[in-house]
Amino acid sequence: MYMKNIKTILCGGLVAMLVSCSPQVTTTNYYFDSVNGDDANNGTSVRTPFKSLAKLQSLTLKGGDSILLKSGAVFTEKLLLSCCGEENNPVVLGKYGGLEKPHIKGNGVDTAAVHILNSENLVIRDLEISNKGDAPKAGLLGLWVELDKFGESHNMVIDDLYVHDVYGSTVIEKGGGIGICIQNGRDNDSILNRFVGMTIENCYLKDCQRDGIKFKGYWIRKQWKPNLGVVIRKNVLDGVPGDGIVLAGCDGGLIEYNVMKNCPKTLPESEACDGIWPWCSDNTVVQFNVVSDHKSIIDGYAYDSDWGCRNSVFQYNLSYNNDGGFMLVIGTDGWPEDWCVNGNIETKVRYNVSINDGLRNYLTNASHKDAYFSPAMHFTGYTQNTLVENNLFYLFPKPEPQIDRTLFHFTKHDSSYGKGDVFKNNYIYAPEVTVAVKEEKAVGNQYSGNVYVGSLKTPATGFTKQDGFFNKSLWYNAEDKNWDILLDFLKDKTVPVNGKELKVLDIIGAN
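According to mature numbering (1 follows the signal peptide of the UniProt record, and there is no 0), the residues represented by the sequence shown are -27 to -1, 1 to 484, in order.
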């Protein structure tokens, strides 16, 4: 009851300078036109639109209402909105009058160009958002969806946004910058918040510095209130140098059919970034994604199952031409149980394809100083019971001889190494001498049924050399329908090789 009252207050007329909600039955469309509008209008028709987004603060919104911005209009002011629709009757923030998206054009002064605060049952769609000043500014955001002393927010949808030129800092410790930021928690919250039903889909993020789509949730387990029902699908991240999609403090999240590409090498050596990864989250599924060209000086992997995670699944994904490699699995230890999950528990990596990953041709000053470190899979810290099975690793000849092409490499994080990780039925093409495993002090790992074509330095057991070509006859099993699911996903995918686009199915010998 207390939490219900809190939400009533926050969504009601007592939040100063924010749009409020009420239980009225009738619905209203509110129109905004930055060129031909007038704030003296009533705003309720295309002939009488408001001019400024500041008029939002005087409106009382309810389920079924719409806030519609004129197609092609440019708004050079912040959009601040707090509203509560109803289940199956959301408030809609979108456009009218044409196909071109209206542009909320931040100038790098406000933290976010669009700030959605303490809202639920809301659809945000068909907008163009940018936030760029004359120089990078730490902490800049494009879209910021935030909960603060709100409790549970239900049924949020973010659809078909074009978010670009968010000119934040390249350094995360200074505040970084994020295209789409979803924030439900801070470490000192007196009231815990979470999203229950959050979908981000069909968005195009271009040239956002530092990161793409990022959740900021609770990581401390004694106050863990995970977001539920989070779906991130069919988004394109183009020209993002840092972390692509980060799911933090969630349970049961789904990340699928996303593409990350054309990552520029603009971050300093202090930054460790990867393509798609959960952090301090449980039961995450990452599937049907494509990540290429990641150039982070530290890490630079397509995928990452990060520390504090349990039961993550990575399946049916494609990775190619990433400097770091295909995937990082990282665990930490030494935390009290009510603070953080010790280790990375039972990550499953299956039916993925890695092509020509591991291209780092330079030494890093911050880590792995003695090697051009870019293994296909890096296990660092307490990784426990990871299962790596039925994956295809297709290596090209090294463009430079010093590049590291180790397949599975274990290193220490905090004070621990991996324990009891399992590698079976993986298929490797190694055209030149490649090291299969570097365990260092990892213990209890198991290797079985792994098959390779080419030249692989392997442990005494668990790897078998196959003469001939690397093709479908080597790895395909008609009784295992997972292969058909993977092949269907890959049927239209290509990889650039020596200036030409080659079909993935041709590379792996499936055609």
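For glycine and all other residues, C-beta sits at the position ideal for the given N, C-alpha and C.
On a predicted model such as this, the values are computed, not experimentally measured, just so you know.
Going by DSSP in three states, F381 sits in which element: helix, strand or coil? strand
Assuming K454 and A483 make a contact with CB atoms under 8 Å, what is their CB distance in whole Å? Not really, about 15 Å apart at Cβ, beyond 8 Å.
How would you label G152, buried or exposed, when you count the other beta carbons within 10 angstroms and need 16 or more for buried? buried
Do the CB positions of D162 and V219 come within less than 8 Å of each other? no
Cα-Cα separation, G124 to E310: 25 Å
Three or more C-beta pairs under 8 Å: does that hold for the region 201 to 210 against the region 224 to 233? yes
Assign D440 to one of two classes, buried (16 or more other C-beta atoms within 10 Å of its C-beta) or exposed (fewer than that). exposed
For the beta strand (DSSP E) holding F396, just list the boundary residues, first then last. V395 to K397
Excluding the five sequence neighbours on either side, which residues of its own chain have a C-beta within less than 7 Å of the C-beta of V47, listed in chain order? S7, H76 and K78
Does the structure place the region 40 to 56 close enough to the region 88 to 96 that three or more beta carbon pairs sit under 8 Å? yes
Where does the unbroken beta strand (DSSP E) through I458 begin, and where does it stop? It is not in any beta strand (DSSP E) - I458 instead sits in the alpha helix (DSSP H) that spans K454 to L463.
Could you give the DSSP three-state label for L165: helix, strand or coil? coil
Might you give, ordered along the chain, the residues of its own chain that have their beta carbon closer than 6 Å to the beta carbon of L227, omitting 5 neighbours on each side? V204 and V258
So, at 8 Å on beta carbons, what are the nonlocal neighbours of E244 in its own chain, with the 5 sequence-adjacent residues on each side left out? T143, V144, I145, R183, G215, S269, I270 and I271
Beta-carbon proximity of G148 to G112, cut-off 8 Å: yes
Decide if T356 is buried, meaning its Cβ has at least 16 other Cβ atoms within 10 Å, or exposed. buried
Just list the residues that DSSP pairs C253 with in beta bridges. DSSP lists no partner for C253.
By the DSSP assignment, the alpha helix (DSSP H) with F480 in it spans what residues? One detail in the question is off: residue 480 reads as Ile in this sequence, not Phe. Run containing I480: V477 to I480, per the alpha helix (DSSP H) assignment.
By the three-class DSSP mapping on this structure, what secondary structure does L66 have? strand
Which same chain residues, not among the five before or five after V5, have their C-beta less than 6 Å away from its C-beta? Residue identity check: residue 5 is Phe in the sequence provided, not Val. Answer for F5: P22, F23 and L42, listed in chain order.
Reduced DSSP secondary structure (H/G/I, E/B, other) of W448: helix
So, at 6 Å on beta carbons, what are the nonlocal neighbours of I97 in its own chain, with the 5 sequence-adjacent residues on each side left out? L66 and I131
Assigned exposure category for I481 - 16 Cβ within 10 Å defines buried: buried
Out of Y324, G391, C154 and I186, state which residue places its alpha-carbon closest to the alpha-carbon of F261. Y324
Is there contact here, the region 412 to 427 with the region 381 to 400, by at least three beta-carbon pairs under 8 Å? yes
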